[in-house]
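Numbering (my numbering), first residue to last: 9 to 527.
All C-beta atoms, glycine included, are put in the ideal place defined by N, C-alpha and C.
Inspection log for the structure reproduced underneath, given as structure tokens.
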């Protein structure tokens, strides 16, 4: 096992990790990524854009109010206010890195509206290409920044901890298939993304399976709000893994949801119908699909002939599946999309472990509460990664040491197929901890997770299972329905549960014993 020393190590090559690295420049930083930077990132697949109150008539106070309302009673308002206040500055940072956000004829940023927003405030790129454009610009900028060393093909398996503080990481080369290496550092930033790939139907890439969250939990870090998983209502139901996304902006443009009989079923479920909160719309679609009536997104009148120009990404997804969205409704299904829970951090990205920081979807800052407001995800990633960089501080040195920048060619880093154990876990999470939950199903799901854990010998999968266990225990503990957490045995909100939840992995293990005895 070889040993190297790096001033700052960032785990993850998505939006949060790369933005943090750029904001740290010219301080030397090493980015460790299992896949080529940008490629294994959920941010690259984000279609709608980034929420920011930059248009005339909009205010950060309105943005905060919408965020709090969507979060269903448990948003940390001080965090939401901080995020909204710094939104415009971070958008201008992205412009400086070369992101070609849409502008109107007068040169002002062009914005669109999404569900649960009271104003048009989604800054976008060519309708539905924001995520891809942002990541392309950041990757190019990172590659041209001498202070940033990118190590592709490195799977971080463990944090090194001494006397309650991080001293570095243990990683494995060749996308987790090669030799172990130790990298010493007194500042480690986890930016590994969410947990969508823990579910059988997801819009997330295979790298988003909660490894960074589980690794931090196994090191003793405090977790928060682990029961809250957001399911995007309108993934394309075309048997693709990951499931292609039909952006919420389509509904913002007036597209409607219909069942096999042509009925707009959301009209009777929410006053805002198709533009209701994501959890409400997801449950509405799920109910139609489970009842055999199916669900389709009808864009033929609202978008029609301009589809290819206004929403080129979704148009391509549809055409690849043999659907012409100009004249045909698009079959849709809810898919695991975003994780509101994760590693607990403060306003500056600090975790409960000295020297360990975290940003992006792997965290729980309190900004999203029980249900994230659309397009606040990219915003949270850039706001808090920038705050981490400001706290860690800046230096003026570039790298001089010359050692391997990656152990394999980028083309050899394609995601591997799921193992049998991973397939079982994904089916279990969807069945037991999906759009709709109940105690009996969740206990059965937890039992399967424990069985997989007992049979597991793989270090990286151990982190995945730790995350799954934390989701399971948190969901079983919260005996109510709120935001992304809906239980048929506790279908209403309860005042005594109007608060965030916090736990460590040792807390979860203690609860597991009690839960299994009662099962």
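*asked:* Taking its Cβ as the centre, do 16 or more other Cβ atoms sit within 10 Å of residue 67, making it buried, or is it exposed?
replied: Exposure of residue 67 is indicated by the presence of fewer than 16 other C-beta atoms within 10 angstroms of its C-beta.
_Range of the contiguous alpha helix (DSSP H) that encloses residue 221_ = Element bounds for residue 221: 219–226.
*Which same chain residues, not among the five before or five after residue 112, have their C-beta less than 6 angstroms away from its C-beta?*
In chain order, 118 place their CB closer than 6 angstroms to the CB of residue 112, counting only its own chain and leaving out the 5 sequence neighbours on each side.
*What do you get for residue 497, buried or exposed, if any count of 16 or more other CB atoms within 10 angstroms of its CB means buried?*
It counts as exposed.
*So what does residue 178 bridge to, in DSSP terms?*
Its beta-bridge partners are 166, 190.
*residue 94 by DSSP, collapsed to three states: which one?*
Coil, per DSSP.
*Alpha-carbon spacing of residue 317 relative to residue 507, whole angstroms*: Roughly 44 angstroms between the two C-alpha positions.
*Does the beta-carbon distance from residue 138 to residue 56 come in below 8 angstroms?*
It is a contact, given that the beta carbons lie within the stated cut-off.
*asked:* So, at 8 angstroms on beta carbons, what are the nonlocal neighbours of residue 124 in its own chain, with the 5 sequence-adjacent residues on each side left out?
replied: Taken in chain order, the residues that qualify are 74, 77, 78, 280, 283, 284, 285, 286, 381, 382.
*Which of helix, strand or coil does DSSP assign to residue 471?*
Look at residue 471 here: in three-state DSSP terms it is helix.
*How far does the beta strand (DSSP E) with residue 240 in it reach, from first residue to last?*
Where residue 240 is concerned, the enclosing beta strand (DSSP E) starts and stops at 237–244.
*In its own chain, which residues sit with a C-beta less than 8 angstroms from the C-beta of residue 72, not counting the 5 before and 5 after it?*
Counting only residues of its own chain and dropping the five nearest sequence neighbours on each side, residue 72 has a CB closer than 8 angstroms to the CB of 85, 88, 89, 92.
*asked:* Would you call the segment 175–184 in contact with the segment 348–360, where contact means no fewer than 3 C-beta pairs closer than 8 angstroms?
replied: Verdict: no, contact absent.
_Among 434, 495, 120, the one whose alpha carbon lies nearest that of residue 484_ = A check of alpha carbon separations from residue 484 across 434, 495, 120 identifies 495 as the nearest.
*Where does residue 391 fall in DSSP's three states?*
DSSP places residue 391 in helix when its eight states are reduced to three.
*What first and last residue would you give for the beta strand (DSSP E) that runs through residue 457?*
Judged by DSSP secondary structure, residue 457 falls outside any beta strand (DSSP E) and instead within the alpha helix (DSSP H) spanning 447–463.
*Pairing CB atoms from the segment 192–203 with CB atoms from the segment 363–380, are three or more of them under 8 angstroms?*
Contact between the segment 192–203 and the segment 363–380 is present, because at least three Cβ pairs lie under 8 angstroms.
*asked:* Just to confirm before moving on: does the CB-CB distance between residue 460 and residue 478 stay below 8 angstroms?
replied: Taking a C-beta distance under 8 angstroms as the contact criterion, residue 460 and residue 478 do not qualify as a contact pair.
*Under the rule that 16 or more other beta-carbon atoms within 10 Å means buried, what is residue 165, buried or exposed?*
It is buried - the Cβ of residue 165 has at least 16 other Cβ atoms within 10 Å.
*Decide yes or no for the touch test of the segment 285–304 against the segment 258–269: beta carbon pairs closer than 8 angstroms, at least 3 of them.*
Yes: the two stretches touch, three or more of their Cβ pairs being nearer than 8 angstroms.
*Going by beta carbon distance, what residues of the same chain come within less than 8 angstroms of residue 263, once the five residues before and after it are set aside?*
Beyond the five residues adjoining it in sequence on each side, residue 263 comes within less than 8 angstroms, by CB distance, of 282, 305, 306, 307, 310, 311 in the same chain, given in chain order.
*asked:* Tell me the rounded alpha-carbon separation between residue 450 and residue 100.
replied: Those two C-alpha atoms are separated by around 44 angstroms.
_Same chain only: Cβ atoms within 8 angstroms of residue 457, ignoring 5 sequence neighbours per side_ = Excluding residues within five positions, the ones whose Cβ falls inside 8 angstroms are 433, 436, 473, 476, 477, 480.
*Does the beta-carbon distance from residue 62 to residue 107 come in below 8 angstroms?*
Taking C-beta atoms as the reference points, residue 62 and residue 107 fail to come closer than 8 angstroms.
*Among residues of its own chain, excluding the 5 on either side of residue 250, which ones have a beta-carbon nearer than 7 angstroms to its beta-carbon?*
Result list for residue 250: 210, 211, 212, 213, in chain order.
*Secondary structure of residue 414, DSSP reduced to three states*: The pLDDT assigned to residue 414 is 43, lower than 50, so where the model puts this residue is not dependable; a value taken from the coordinates is nonetheless given after this. Judged by DSSP in its simplified three-state form, residue 414 adopts strand.
*What do you get for residue 462, buried or exposed, if any count of 16 or more other CB atoms within 10 angstroms of its CB means buried?*
Residue 462 sits exposed, since fewer than 16 C-beta atoms from the chains shown fall within 10 Å of its C-beta.
*asked:* When you compare the segment 337–345 with the segment 217–227, are there three or more beta-carbon pairs, one atom per stretch, that lie closer than 8 angstroms?
replied: Contact between the segment 337–345 and the segment 217–227 is absent, because fewer than three Cβ pairs lie under 8 angstroms.
*In terms of residues, what are the limits of the alpha helix (DSSP H) holding residue 325?*
Note, residue 325: alpha helix (DSSP H), 320–328.
*Do the segment 152–168 and the segment 32–39 touch if we need at least three Cβ pairs shorter than 8 angstroms?*
Under the three-pair Cβ rule at 8 angstroms, the segment 152–168 counts as touching the segment 32–39.
*Just to confirm, are residue 289 and residue 333 a CB contact at a threshold of 8 angstroms?*
8 angstroms or more divides the Cβ of residue 289 from the Cβ of residue 333.
*Terminal residues of the continuous beta strand (DSSP E) containing residue 249?*
In the DSSP assignment, residue 249 falls outside any beta strand (DSSP E) and carries neither an H nor an E.
*Does DSSP classify residue 160 as helix, strand or coil?*
For residue 160, the secondary structure class from DSSP, reduced to helix, strand or coil, is strand.
*List the residues that DSSP assigns as beta-bridge partners of residue 304.*
According to DSSP, which records beta bridges pairwise, residue 304 is partnered with 266, 339.
*What is the residue span of the alpha helix (DSSP H) that residue 288 lies within?*
First-last of the alpha helix (DSSP H) with residue 288: 286–298.
*asked:* Under DSSP, the beta strand (DSSP E) around residue 203 begins and ends at which residues?
replied: No beta strand (DSSP E) contains residue 203, which DSSP labels as neither H nor E.
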